[in-house]
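Since the structure comes first, as structure tokens, the remarks are kept for the end.
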Amino acid sequence: MSQYLTTGDGRRIAYRHLAGTGPGVVFLGGFKSDMTGTKAMYLQDWAQRTGRGFLRFDYSGHGDSSGSFEDGSIGDWAADARAVLESLTDGPQVLVGSSMGGWIGLLLARALPQRVAGLVTVAAAPDFTEHGYWAGFDQAQRDTLMRHGRLEVPSEYDDQPYVITRRLIEDGRERLVMNQPLRLPFPVRMLQGTADADVPMDWALRLLDHARGDDIRLTLVKGADHRFSTPECLSLITRSIEDVAG
Numbered sequence: 001m002s003q004y005l006t007t008g009d010g011r012r013i014a015y016r017h018l019a020g021t022g023p024g025v026v027f028l029g030g031f032k033s034d035m036t037g038t039k040a041m042y043l044q045d046w047a048q049r050t051g052r053g054f055l056r057f058d059y060s061g062h063g064d065s066s067g068s069f070e071d072g073s074i075g076d077w078a079a080d081a082r083a084v085l086e087s088l089t090d091g092p093q094v095l096v097g098s099s100m101g102g103w104i105g106l107l108l109a110r111a112l113p114q115r116v117a118g119l120v121t122v123a124a125a126p127d128f129t130e131h132g133y134w135a136g137f138d139q140a141q142r143d144t145l146m147r148h149g150r151l152e153v154p155s156e157y158d159d160q161p162y163v164i165t166r167r168l169i170e171d172g173r174e175r176l177v178m179n180q181p182l183r184l185p186f187p188v189r190m191l192q193g194t195a196d197a198d199v200p201m202d203w204a205l206r207l208l209d210h211a212r213g214d215d216i217r218l219t220l221v222k223g224a225d226h227r228f229s230t231p232e233c234l235s236l237i238t239r240s241i242e243d244v245a246g
């Protein structure tokens, strides 16, 4: 059964917390993903087997949490993650960010470096609202978005199209991490598939070049797609967690 945390902004965030040894692991899911996805559940099973503390949750507008997805933004979801981290964990944690969760993890690392023991990203998508969606829209799509405040785009992960809102784009511009110094003073392991059709491999290379820290490594997995959920890929995630956790 999920438990719930009400944030200072009044959002009701669903979560599952597994007690165990530290540093604990906090899983940060992707865009329109929830805490019952393949990677989250694999990490939960791994944490139970190894006695590691583990926390997974749904951003507002996702899964069992309150709110509408269309009303949300990167700033809202980063605030949800910060509330969960500060309210439900003690001491430095290992953040595991998948896709959008990689961006959220970088925002948390910038705001609360003292609470981060290590960072593992899986197909990290920092600044994707700007360099993915906005950059990929043609002028007619941009005009529709700005005029009507929303634009429907097809998704290969859902029968229904994703609704991209003007607020999502404009709020994302306030949260960019690739346009300013990015110091990561803890171990970082970035994982990226070469066959990822959603997050280009070049994004991972640019993040590696942009970030500053003494222990940052990128692993490219030939043939892995954006889901990064084969047994080999999932095992690589847990090995990376163990590597940064010490």
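Take 1 as the starting number for the sequence shown in UniProt numbering and just add one per residue. Backbone N, C-alpha and C fix where the C-beta goes; we use that ideal spot for every residue, glycine too.
task: Would you check if there are 3 or more beta carbon pairs closer than 8 Å linking the region 171-187 to the region 60-74?
output: yes
task: Would you be able to state if there are at least three C-beta pairs under 8 Å between the region 31-48 and the region 108-116?
output: no
- prompt: How about L220 and Q192: are their beta carbons less than 7 Å apart?
  reply: For the purposes of this step, residue 220 is identified with residue 220 of the sequence shown, where counting begins at 1. For the purposes of this step, residue 192 is identified with residue 192 of the sequence shown, where counting begins at 1. Yes, the Cβ-Cβ distance between L220 and Q192 is below 7 Å.
task: Alpha carbon to alpha carbon, how far is A140 from V94? Give it in angstroms, no decimals.
output: Along the sequence shown, one-based indexing puts residue 94 at 94. Along the sequence shown, one-based indexing puts residue 140 at 140. Each residue's alpha carbon lies about 42 Å from the other.
- prompt: For G118 versus L28, is the C-beta spacing smaller than 7 Å?
  reply: Residue 118 sits at position 118 when you count from the first residue of the sequence shown. Residue 28 sits at position 28 when you count from the first residue of the sequence shown. For G118 and L28, no; Cβs fall outside 7 Å.
- request: Quick one: grab the DSSP three-state call for A195.
  value: Taking the sequence shown and counting its residues from 1, one reaches residue 195 at position 195. In the structure shown, A195 sits in coil (DSSP, three-state: anything other than H, G, I, E or B).
- request: Using alpha carbons as the reference points, say which of F31, T7 and L184 lies closest to E156.
  value: Within the sequence shown, the letter at position 156 stands for residue 156. Checked all of F31, T7 and L184; the closest Cα to E156 is F31.
query: Are the Cβ atoms of G53 and G22 separated by less than 7 Å?
result: Counting from 1 along the sequence shown, the entry for residue 53 is found at position 53. Counting from 1 along the sequence shown, the entry for residue 22 is found at position 22. Contact: yes.
field: Opening and closing residue of the beta strand (DSSP E) in which T219 lies
entry: Here residue 219 corresponds to residue number 219 of the sequence shown, with the count starting at 1. It spans I216 to V221 - the beta strand (DSSP E) in which T219 sits, taken as one unbroken run.
message: Quick check: what's the CA-CA separation for Q180 versus G105?
response: Locating residue 180 in the sequence shown gives position 180, counting from the first residue. Locating residue 105 in the sequence shown gives position 105, counting from the first residue. Rounded to whole angstroms, the gap between the alpha carbons of Q180 and G105 is 16 Å.
query: Just to confirm, does M41 get its C-beta within under 6 Å of one of the non-hydrogen atoms of the ligand ZN?
result: This structure does not include the ligand ZN; it has no bound ligands of any sort.
message: Comparing C-alpha positions only, which one of T238, R189, S99 and F128 sits nearest to residue 265?
response: It is not possible to answer for residue 265, since the shown part of the chain is limited to 1 through 246.
field: Entirely enclosed alpha helix (DSSP H) segments - the region 79-124, minimum 4 residues
entry: 100-111
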